[in-house]
């Protein structure tokens, strides 16, 4: 089965099962912005009651229990990830300052304990978890231009282990993937400020970050990269972008060879669940 969530695809609570059935343009359905899963649970984030992006809901579906639960998180969630026992999300408050936080909820289906930490005056845009580490990306700008950072945290104590400048690689990180002790990162590569306004330039590559020494290598794609996923030891990158009023291309990527195959889709692909080769 091929399941691809395009921009504007929606979800209805009653359709939960081992897989989430996606529907489009139906009243009463909720538009998802973030989604992740573990072997036990599916997690998703949606806007609550047309609240104008001020209060999101975290949806937790337990596969074993076959039940769904929702939580008001009281903020706008910019990124989401999960491991066996916890779900982690990032948010940024826009009250004149970009006050950003990481929140961890233990065993969220059973109303587990919540821990929240302040990160930085920066817009957090992506979070991933692997083994005992959290990998968090954010960006902001000052009089010198736009910059981005990568933060590495201990997932148990939520203590900062390492902070590194990511500006020369990708500014607005949109997705990440851990594979063979490396973190593969997609996003918008360059942003410049001219007369007080952002000018976006196209990103032509994804990045591979070694989790041993944090060395960064670029893998040329030749297009904007939005989402990055792995399926059967292969990496797939989609070029969905909010601004583009056209279909998408899903790139099949080899670390050494670069792009080895392209799959054209008529719709804008925002979220790849599984992908069956043409």
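Numbering (the numbering used here), first residue to last: 1 to 278.
For each residue, glycine too, the CB sits at the ideal point set by N, CA and C.
From a predicted model like this one, the values you see are computed outputs, not experimental measurements.
Spatially closest choice to residue i from the options, by CA coordinates
i, options, result
"residue 206", "255, 213, 234", "255"
"residue 165", "158, 139, 183", "139"
"residue 152", "236, 62, 212, 261", "212"
"residue 69", "111, 90, 102, 75", "111"
"residue 119", "101, 113, 134", "101"
"residue 220", "208, 209, 204", "204"
"residue 36", "75, 86, 147", "86"
"residue 82", "105, 208, 76", "105"
"residue 216", "262, 59, 174, 169", "169"
"residue 306", "124, 56, 89", "Residue 306 falls outside the range modelled here, since the chain spans only 1 to 278, and no answer is possible."
"residue 38", "88, 71, 57, 76", "88"
"residue 60", "146, 41, 259", "41"
"residue 147", "121, 266, 155", "121"
"residue 232", "264, 188, 252, 263", "252"
"residue 78", "67, 186, 92", "92"
"residue 116", "133, 90, 265", "90"
"residue 249", "72, 184, 62, 265", "265"
"residue 226", "149, 184, 55", "184"
"residue 73", "58, 218, 230, 259", "58"
"residue 224", "149, 239, 154, 234", "239"
Residue i, enclosing beta strand (DSSP E) - first and last residue
i, result
"residue 117", "114-121"
"residue 77", "77-82"
"residue 182", "182-188"
"residue 165", "160-165"
"residue 172", "172-178"
"residue 231", "227-231"
Secondary structure of residue i, DSSP reduced to three states
i, result
"residue 263", "strand"
"residue 27", "No answer about residue 27 holds up, because its pLDDT of 37 lies below 50 and its placement is not dependable."
"residue 239", "coil"
"residue 34", "strand"
"residue 132", "coil"
"residue 212", "coil"
Paired residues, beta bridge with residue i - DSSP
i, result
"residue 58", "45, 71"
"residue 138", "124, 149"
"residue 218", "207"
"residue 106", "86"
"residue 251", "237, 262"
"residue 100", "92"
"residue 154", "133"
### Message
Whether or not the segment 178-187 and the segment 129-141 are in contact is what I'm after, with contact meaning three or more pairs of Cβ atoms, one per stretch, closer than 8 angstroms; do they touch?
### Response
With the cut-off at 8 angstroms, the segment 129-141 and the segment 178-187 touch.
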